[in-house]
Amino acid sequence: MIVIRHHVAPPPFGCRWCGEQAGHHGRSYVRSQGMHAWEQPTTAQILARMRARRAARTHKES
Ligand SMILES: [Zn+2]
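Just so you know, we're using the working numbering here: the sequence shown kicks off at -2 and counts up by one.
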């Protein structure tokens, strides 16, 4: 299965800035933060991502 990055919501526990998971984050560049290390997403972000992923999955399968 091919997943296009950021085509769907990032993993719920992906970096709060770029969405990459801690295990393979390393140092990443985003325009808003510049170079950064993985940082824990906020509870609101986690919930929003879970909701978005569920919505995307439901949409695709129906
Ligand atoms: Zn990041």
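We treat Cβ as the ideally placed atom computed from N, Cα and C, and that holds for glycine. Since the structure is predicted, the reported quantities are computational estimates derived from the model, not experimental observations.
| Query | Result |
| --- | --- |
| Quickly, what does DSSP pair residue 29 with across the bridge? List them, please. | DSSP lists no partner for residue 29. |
| Use the C-beta contact count for residue 16: other C-beta atoms within 10 angstroms, 16 or more gives buried, fewer gives exposed. | buried |
| With a threshold of 8 Å, are at least 3 pairs of Cβ atoms found where one atom belongs to the segment 38 to 48 and the other to the segment 17 to 27? | no |
| In terms of alpha-carbon separation, which member of 52, 5, 13 lies closest to residue 34? | 13 |
| Looking at residue 53: is its Cβ nearer than 8 Å to the Cβ of residue 6? | yes |
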